[in-house]
Amino acid sequence: MSVLVAVSETALAPQPAWVMILFALVMLATYVGVAVERFHKTVAALCGAALLVVLALALGVFPDYEVVHEKLSHDLNVFGVIIGTGILVGVTGKSGLFHFLSILIVKTTRGRTTALYLAICGLTFVFVALLTIVPAMLIVSSLALVICRSLKYDPKPLLISVAICANSGAMVTFASGLPNIMIGTAARIPYAHFLLVAAPYAVLSLLIAVAMLRVMYRRELPWNQSAEELSVLNEKIAQFDPWALVDSKKVLVRSAVILGLTIVGFAVAQPLGVGMDFIAMVGGTAALLFAGKDIEDAVSKVNWTVILFFTGLFVIIAAVESTGALEKLSEFVVTLAGESPLMLIPIMSGFSAVASAIVDNIPVAATLIPIVRHIGGPPEPLWWALVIGCNLGGNATPIGSISCVIAIHTLHKEADTHVGWGEFLKVGGTIMLIQMAGAIVYLLAFYSLGLFPTLPG
Amino acid sequence: MFEPTQTEVDQDVHKSIDLFERAMQPGSLTIAPPEPESLLLALDASAQDEMSVAIVQRLKARFDLKVTVIDARDRVENPDYAAGIASKLQGSTLTSVEGEAYEKIQQGLEATGCDLLVVPSPFGRDIDKVGEDSTGTVMDVLLARSNVPVLVTRKTYPIADVPFAHVFLAMSAENEAAPQAGNWAVTMLAPSGNLQLMLVVEDEAVENMQAMLKAMHQEADFNAEKYGEALRRSFVPLHTALMNASRERKFKYSCDVYHERHAPLQELTSDKRHPLLVLGFERADHLSQGYVHDRIRRAENTVLVIPR
Chain C
32 MSVLVAVSET ALAPQPAWVM ILFALVMLAT YVGVAVERFH KTVAALCGAA
82 LLVVLALALG VFPDYEVVHE KLSHDLNVFG VIIGTGILVG VTGKSGLFHF
132 LSILIVKTTR GRTTALYLAI CGLTFVFVAL LTIVPAMLIV SSLALVICRS
182 LKYDPKPLLI SVAICANSGA MVTFASGLPN IMIGTAARIP YAHFLLVAAP
232 YAVLSLLIAV AMLRVMYRRE LPWNQSAEEL SVLNEKIAQF DPWALVDSKK
282 VLVRSAVILG LTIVGFAVAQ PLGVGMDFIA MVGGTAALLF AGKDIEDAVS
332 KVNWTVILFF TGLFVIIAAV ESTGALEKLS EFVVTLAGES PLMLIPIMSG
382 FSAVASAIVD NIPVAATLIP IVRHIGGPPE PLWWALVIGC NLGGNATPIG
432 SISCVIAIHT LHKEADTHVG WGEFLKVGGT IMLIQMAGAI VYLLAFYSLG
482 LFPTLPG
Chain R
516 MFEPTQTEVD QDVHKSIDLF ERAMQPGSLT IAPPEPESLL LALDASAQDE
566 MSVAIVQRLK ARFDLKVTVI DARDRVENPD YAAGIASKLQ GSTLTSVEGE
616 AYEKIQQGLE ATGCDLLVVP SPFGRDIDKV GEDSTGTVMD VLLARSNVPV
666 LVTRKTYPIA DVPFAHVFLA MSAENEAAPQ AGNWAVTMLA PSGNLQLMLV
716 VEDEAVENMQ AMLKAMHQEA DFNAEKYGEA LRRSFVPLHT ALMNASRERK
766 FKYSCDVYHE RHAPLQELTS DKRHPLLVLG FERADHLSQG YVHDRIRRAE
816 NTVLVIPR
């Protein structure tokens, strides 16, 4: 159970308005620090947490320091998922499995531009769903660059497409991205529910993105190829040998099996009565045991920075929530929506998407989670609005999502190609608007038809 | 998972690009393992002969080899020694001429036209006394002159009916004998055995390269990891050929970079699985010569040297 549930269980007394405002201001200042990157975002979060703990103890928001431990103890499952999947992704990535699959799929396209484009977009979607955004982006963006260099294509359309398709892949499963892990853990959403609700719209949003990108980049790639051109490209693609990427077939196969079993484990975690963190840790341990060649290296690949960032963030949210400020904000949102779920869905989707386009979607999710909890009523539509908004919002701006940041930076460094804000907003912003409009319709349809699976008590 | 720095993105994208570019090298190399038809076994009446005979027995059974035995000692005190072993191996003996041991072996190679030479090292000396200090003059001369692969026996150990379930093909730098070494590694590997291409990063080689690069470019940034990556790139054709051969011939195969600083390379010297160590010997390359001699000196298990 998450910190957010724990806070409501702790039922600390609401604080005076000035305390709420003070704590909210410190939280906002921390978020600004995270957004502007004046400090490292982890340092910003830890500074904000330290300040709020001091204030909470001094002003009696926390009756004693033990409250901090109690609140953080409820978030161990998030840390478990991050550590376990981090090790698993590191080991399977190093086995060459995803590079191998990439070349295998690219070879099937036989150099046809449309097939190649769809294959790369599809690979991005699947790899992000399995590996999370950063490792998947590093693989697919380098693949796109290598192919573009080999076939003498302009890399911009492919890399921007990869960046935008990545954000659709990020909402497929519980473990596809940090916002999903946070929201899924807080709301106790089973893995299978992601496949029932988020995954179908992830596919739809991918189709929307691919169709729009195909139109937007209709002049940048040689979509219509002559038989002669096709033959030359096919010859080049045929030279790719995926086995050159594999150091050991045994490690490759073991990595694939462990990854597959971990995904199955996530899906059956709830019926088995265990947490996602347990499955992730077992998967990570199995990877170290059976497929890890360098254990120290694999463990060091776990993103300890993000764990420290989360520690700070969870303390900040817990402190602010303990003042009663987030509950007040929830009441305001409900009033704004006229207490109608049909209004709350677009508000929550829209707000989370716009906020995620401007700042990191992790603090956005962390802040909106307690608000959704306090809103009351059937919570399912709002959790899914949050999942979709936090993931797709990043498509709108060059800084909205790490996938866009990596793609634009890689284009600049490796292809000497600059993508400005205006150019990106025109492509990504338009796609995000259409995707979010579709998401709102999708969520309202689910709500009206009673299709949202009920969350376990 | 979390936002990496621009430097981290650059490094990781470069690594990934390098990896994909490996897949783009045309498959110019195909493994064609030779089928040896005959071998020459050189005896020195030392304890190592027992190991040589055991290996030859098994190779003969596996490849239906024609075996010729030569007693190559400077002074043959027991003329029946070679005949007894030849009889045991259902082979023939070669009457040796006068001369140094290496001359006798050399003449034996010319007379038989065999595909493989089996010889102990150090020749005519107790390996436990000589230890890692010398491979012996006979080995020096044979490596310099032999045109056929030389299977060097070292310490005696119990050997399986089908030997060489583990074969290590070690490379530390560009080596023109590498393709042939790959072919022979596959030939010698037991069916369904485990072949490993070991790309060895030697400290001295890294330091030499660092010094040279520094001399050319003051800001040159070079380290063991980059050397390992360069080795990987250099051996992509061999790696790909071996990987494809492993799939066709159903043996286990892997490729790893070993840093001498981090691992003492026990696998290459005294692995208790008694792997066969296969080395390419490029005569025109002094580094290759030094490397092969060094490996034989330090080896406890059998070594196969493929000269070119």
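One line per chain: the protein sequences are C and R, in this order. Residue numbering for the first sequence follows the numbering used here, beginning at 32 and increasing consecutively. Residue numbering for the second sequence follows the numbering used here, beginning at 516 and increasing consecutively. Each residue gets a CB set at the ideal place from its N, CA and C atoms; glycine is no exception.
Evaluate the contact criterion for the stretch 143 to 153 of chain C versus the stretch 95 to 115 of chain C: three or more CB pairs, one atom per stretch, below 8 angstroms. no
Within chain R, the residues that C/Ile439 reaches when beta carbons sit closer than 8 angstroms: Position 408 of the first sequence, counting from 1, holds the residue named residue 439 of chain C. The premise fails here: C/Ile439 is roughly 11 angstroms from chain R at the closest Cβ pair, so nothing lies under 8 angstroms.
Quick one: what does DSSP say R/Gln711 is sitting in, helix, strand or coil? Within the second sequence, the letter at position 196 stands for residue 711 of chain R. Correct three-state label for R/Gln711: strand.
Using 8 angstroms as the threshold, is the C-beta distance between R/Ala726 and R/Ala705 below it? The residue given as residue 726 of chain R occupies position 211 in the second sequence. The residue given as residue 705 of chain R occupies position 190 in the second sequence. Cβ distance not < 8 angstroms, so R/Ala726 and R/Ala705 don't count as in contact.
Taking contact to mean at least 3 C-beta pairs separated by less than 8 angstroms, is the stretch 104 to 124 of chain C in contact with the stretch 321 to 330 of chain C? yes
Do the stretch 179 to 195 of chain C and the stretch 443 to 454 of chain C touch if we need at least three Cβ pairs shorter than 8 angstroms? yes
Mind checking who R/Cys770 pairs with in its DSSP beta bridge? The count along the second sequence starts at 1 and reaches residue 770 of chain R at position 255. Answer by DSSP bridge pairing, in chain order: R/Leu712.
Beta-bridge partners of C/Phe54, as assigned by DSSP: In the first sequence, counting from the first residue as 1, residue 54 of chain C sits at position 23. Answer is none; C/Phe54 lacks a bridge partner.
Where does R/Met731 land, buried or exposed, given buried means 16+ other C-beta within 10 angstroms? Along the second sequence, read from residue 1 onward, the residue named residue 731 of chain R stands at position 216. With fewer than 16 Cβ atoms within 10 Å of its Cβ, R/Met731 is classed as exposed.
Residues bridged to R/Glu686 by DSSP? For the purposes of this step, residue 686 of chain R is taken as the residue at position 171 of the second sequence. It is worth fixing the name first, because residue 686 of chain R is Met in this sequence and not Glu. DSSP, once it has assigned bridges, lists R/Leu714 as partnering R/Met686.
Report buried or exposed for C/Glu97, applying the criterion of at least 16 other Cβ atoms within 10 angstroms of its Cβ. For this step, residue 97 of chain C is matched to residue 66 along the first sequence. Exposed, because fewer than 16 other Cβ atoms sit within 10 Å of the Cβ of C/Glu97.
Drop a sphere of 10 angstroms on the beta-carbon of C/Ile52, count the other beta-carbons inside from all chains shown, and report buried for 16 or more, exposed for fewer. Within the first sequence, residue 52 of chain C is the residue found at index 21, counting from 1. Exposed, by the Cβ-count rule.
Determine the chain C residues that contact R/Glu536 at a beta-carbon separation under 8 angstroms, and present them in chain order. For this step, residue 536 of chain R is matched to residue 21 along the second sequence. Near R/Glu536 (Cβ distances below 8 angstroms), the residues of chain C are Val177.
Delimiting residues of the beta strand (DSSP E) encompassing R/Thr583: Along the second sequence, one-based indexing puts residue 583 of chain R at 68. Element bounds for R/Thr583: 581 to 586.
Please tell me whether R/Cys629 has its Cβ less than 8 angstroms away from any Cβ of chain C. Reading the second sequence from its first residue, position 114 is the one you call residue 629 of chain R. R/Cys629 does not count as touching chain C.
According to DSSP, is C/Pro231 helix, strand or coil? Against the first sequence, residue 231 of chain C aligns to sequence position 200. Helix, per DSSP.
Which residues in the same chain have their Cβ closer than 7 angstroms to the Cβ of R/Glu552, if we skip the five residues on either side of it in sequence? Along the second sequence, read from residue 1 onward, the residue named residue 552 of chain R stands at position 37. Around R/Glu552: Leu580, Lys581, Asp630.
Here's a check: name, in chain order, each residue in its chain whose Cβ is nearer than 8 angstroms to the Cβ of C/Met239, leaving out the five neighbours to either side. Sequence index remark: in the first sequence, residue 239 of chain C carries index 208 (1-based). Before going on, a small fix: residue 239 of chain C reads as Ile here, not Met. Ile462, Ile465, Gln466, Gly469, listed in sequence order.
Could I get the ranges of all uninterrupted alpha helix (DSSP H) runs contained in the stretch 623 to 662 of chain R, with 4 residues as the minimum, in chain order? 642 to 645, 652 to 660
For R/Ala557, collect the residues of the same chain with a Cβ closer than 6 angstroms to its Cβ; drop the 5 residues on either side in sequence, then sort them by chain order. The residue you call residue 557 of chain R lines up with position 42 of the second sequence. Same-chain partners within the cutoff: Ile585, Ala587, Ile620, Val634.
Alpha-carbon to alpha-carbon, C/Arg141 and R/Ser636: Position 121 of the second sequence holds residue 636 of chain R. Position 110 of the first sequence holds residue 141 of chain C. Those two C-alpha atoms are separated by around 54 angstroms.
How many angstroms separate the CA atom of R/His774 from the CA atom of R/Glu744? Your numbering for residue 774 of chain R matches position 259 in the second sequence. Your numbering for residue 744 of chain R matches position 229 in the second sequence. Whole-angstrom Cα-Cα distance: 11 angstroms.
With the cut-off set at 8 angstroms, would you say C/Ile419 and C/Ala287 are in Cβ contact? Your numbering for residue 419 of chain C matches position 388 in the first sequence. Your numbering for residue 287 of chain C matches position 256 in the first sequence. The answer is no: Cβ separation not under 8 angstroms.
Are the stretch 292 to 303 of chain C and the stretch 211 to 224 of chain C touching, with three or more C-beta to C-beta distances below 8 angstroms? yes
So what does DSSP say about C/Thr428, is it helix, strand or coil? For the purposes of this step, residue 428 of chain C is taken as the residue at position 397 of the first sequence. Looking at C/Thr428 - three-state DSSP - the assignment turns out to be coil, as it is neither helix nor strand.
Cutting at 6 angstroms between CB atoms, please list the residues of its own chain near C/Phe70, excluding the five before and the five after it. Indexing the first sequence from 1 puts residue 70 of chain C at position 39. Result list for C/Phe70: Gly64, in chain order.
Closest to R/Leu555 by CA distance: which of R/Met566, R/Leu624, R/Glu815 is it? For the purposes of this step, residue 555 of chain R is identified with residue 40 of the second sequence, where counting begins at 1. Checking every option, the nearest Cα to that of R/Leu555 belongs to R/Leu624.
Quickly, what does DSSP pair R/Leu794 with across the bridge? List them, please. On the second sequence, position 279 is the one that residue 794 of chain R refers to. DSSP, once it has assigned bridges, lists R/Ala685, R/Val820 as partnering R/Leu794.
When the cut-off is 8 angstroms and only beta carbons count, does C/Glu97 lie next to chain R? The residue labelled residue 97 of chain C in the question sits at position 66 within the first sequence. Not an interface residue.
Distance between C/Leu161 and C/Ala206 (C-alpha atoms, nearest Å): As a working mapping, residue 206 of chain C is identified with position 175 in the first sequence. As a working mapping, residue 161 of chain C is identified with position 130 in the first sequence. Their backbone Cα atoms lie some 8 angstroms apart in a straight line.
Given that R/Asn759 touches chain C, what residues does it touch there, using C-beta distances under 7 angstroms? By 1-based counting over the second sequence, the position of residue 759 of chain R is 244. Trp274, listed in chain order.
Tell me which same chain residues have a C-beta within less than 8 angstroms of the C-beta of C/Asn211, skipping the five on either side of it? The sequence position of residue 211 of chain C within the first sequence is 180, counting from 1. The answer, listed in chain order, is Ala201, Met202, Thr204, Phe205, Phe225, Ala229, Val418, Asn422.
Less than 7 angstroms between C-beta atoms, sequence neighbours within five positions excluded: which residues of the same chain meet that for R/Glu689? Taking the first residue of the second sequence as 1, we reach residue 689 of chain R at position 174. Ser749.
Answer yes if the stretch 341 to 359 of chain C comes into contact with the stretch 396 to 407 of chain C, meaning at least three C-beta pairs across the two stretches below 8 angstroms, and no otherwise. yes
So what does R/Leu558 bridge to, in DSSP terms? Counted from its first residue, the second sequence places residue 558 of chain R at position 43. Paired residue(s): R/Asp586.
Counting contacts by CB-CB distance shorter than 8 angstroms, is C/Ala130 in contact with chain R? Residue 130 of chain C sits at position 99 when you count from the first residue of the first sequence. The residue you asked about is not Ala; residue 130 of chain C is His in the sequence shown. Judged by the 8 angstroms Cβ criterion, C/His130 is in contact with chain R.
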